[in-house]
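Participant:
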Amino acid sequence: MILGLIASVAIVAQTTSESKETSRTTSSSNSISSESSITHSSKSYMFDARFDKRKNSQLRAILIDRLGSDDLRKQGDIYEWSKESKGRIFFSCRLSDRRLNLNLNREVASDDFYDLIDELGDDLRDIVQSHTPHTWAPFTPEPPSQPQPPSNPNSTDPQLIDQELREAERELARAQRNVERLKKKKGNGN
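Residue numbers (our numbering): 523 to 712.
(1) Please state the DSSP three-state secondary structure of Arg699.
(2) In angstroms, rounded to a whole number, what distance separates the CA positions of Asp640 and Tyr567?
(3) Please list, in chain order, all residues of the same chain as Leu626 whose beta carbon is under 6 Å from its beta carbon, the five residues on each side excluded.
(4) Rank Lys707, Ile584, Arg692 by C-alpha distance to the C-alpha of Leu617 and give the top, closest one.
(5) Mapping DSSP to helix, strand and coil, what is Phe635?
(6) Would you mind reading off the limits of the alpha helix (DSSP H) that contains Arg572?
(7) Who pairs with Ile600 in a beta bridge, going by DSSP?
(8) Using only the alpha-carbon positions, how far apart do Phe569 and Ser632 sit?
(9) Would you mind reading off the limits of the beta strand (DSSP E) that contains Ser614?
(10) Please list, in chain order, all residues of the same chain as Cys615 whose beta carbon is under 6 Å from its beta carbon, the five residues on each side excluded.
(11) Take Asp619 and list the residues in its own chain whose beta-carbon comes closer than 7 Å to its own, dropping the five residues that flank it on each side.
(12) For Leu622 versus Leu589, is the C-beta spacing smaller than 8 Å?
(13) Hey, could you find the ends of the beta strand (DSSP E) Arg621 is sitting in?
(14) When you compare only the Cα positions, how much space is there between Asp644 and Asp593?
(15) Provide the residue(s) that pair with Lys605 in DSSP beta bridges, ordered along the chain.
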């Protein structure tokens with residue numbers, strides 16, 4: 523049980539060449555403290571967290587799910603991912619039993635990869651802080667839906683109505699995720 527949120531601070535810092543936004547969150551539960559910060563600008567994205575080691579397995583699972591194992595190096599209890607372009611590392615991630623760091627060079631990374639890391643950072647922060655219900659589940663792609671014949675808008679068949687309702691809800695959920703992704707992009711100045 524979370525005893526309380528100690529601090530939640532959003533800081534906007536100006537540098538001479540770029541604007542950076544940092545979001546720090548700290549919480550404490552049963553004398554165990556968790557802390558995370560996300561800093562992003564037009565040039566970089568950084569995530570840093572300290573947490574109770576009991577959260578390590580859940581953090582590791584989401585990292586492996588989202589980042590895969592192709593770029594993974596494991597040394598004991600330390601998991602490290604890195605990606606490079608033209609011989610230069612533009613992404614690194616390091617997970618130990620109580621600490622997690624991600625660094626991304628946005629000038630080299632594709633927009634799609636940045637979006638993946640930005641969304642991943644939000645999910646990681648939720649796990650670290652445990653102050654909101656976390657609904658992450660491993661990614662399983664939905665099979666493409668088969669084209670359906672035009673439905674009869676006057677149909678009263680409950681099975682057909684339920685099927686159309688489920689399909690409409692899936693389309694709405696996809697559209698909402700796309701809206702949130704675009705809002706994030708717009709908010710980041712892209």
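Glycine included, every Cβ here is placed at the ideal spot set by N, Cα and C.
Facilitator: Let me lay it out:
(1) The residue given as residue 699 occupies position 177 in the sequence shown. Looking at Arg699 - three-state DSSP - the assignment turns out to be helix.
(2) What you label residue 640 is simply residue 118 of the sequence shown in a count that begins at 1. What you label residue 567 is simply residue 45 of the sequence shown in a count that begins at 1. Tyr567 has its alpha-carbon roughly 8 Å from the corresponding atom of Asp640.
(3) Numbered from 1 along the sequence shown, position 104 holds the residue referred to as residue 626. Tyr567, Phe613, Ile639.
(4) Residue 617 sits at position 95 when you count from the first residue of the sequence shown. When each option's Cα is compared against that of Leu617, the closest is Ile584.
(5) Mapped onto the sequence shown, residue 635 falls at position 113. Three-state result, Phe635: helix.
(6) Within the sequence shown, the letter at position 50 stands for residue 572. Looking at the DSSP string, Arg572 is not in any alpha helix (DSSP H); the run it does join, the beta strand (DSSP E), is 566-572.
(7) Residue 600 sits at position 78 when you count from the first residue of the sequence shown. Per DSSP, Gln597.
(8) To locate residue 569, count along the sequence shown from 1; it is residue 47. To locate residue 632, count along the sequence shown from 1; it is residue 110. Roughly 18 Å separates the two Cα atoms.
(9) Position 92 of the sequence shown holds residue 614. That run of the beta strand (DSSP E) goes 610-617.
(10) Within the sequence shown, the letter at position 93 stands for residue 615. Closer than 6 Å at the Cβ level, and outside the excluded window around Cys615, lie Trp603, Leu624.
(11) If you number the sequence shown from 1, residue 619 lands on position 97. Hits under 7 Å: Lys575, Asn578, Asp599.
(12) Here residue 622 refers to the residue found at position 100 of the sequence shown. Here residue 589 refers to the residue found at position 67 of the sequence shown. Contact: no.
(13) Here residue 621 is taken as the residue at index 99 of the sequence shown, counted from 1. Counting along the chain, the beta strand (DSSP E) containing Arg621 begins and ends at 621-627.
(14) Numbered from 1 along the sequence shown, position 122 holds the residue referred to as residue 644. Numbered from 1 along the sequence shown, position 71 holds the residue referred to as residue 593. Cα-Cα distance, rounded: 22 Å.
(15) Position 83 of the sequence shown, counting from 1, holds the residue named residue 605. According to DSSP, Lys605 bridges with Phe613.
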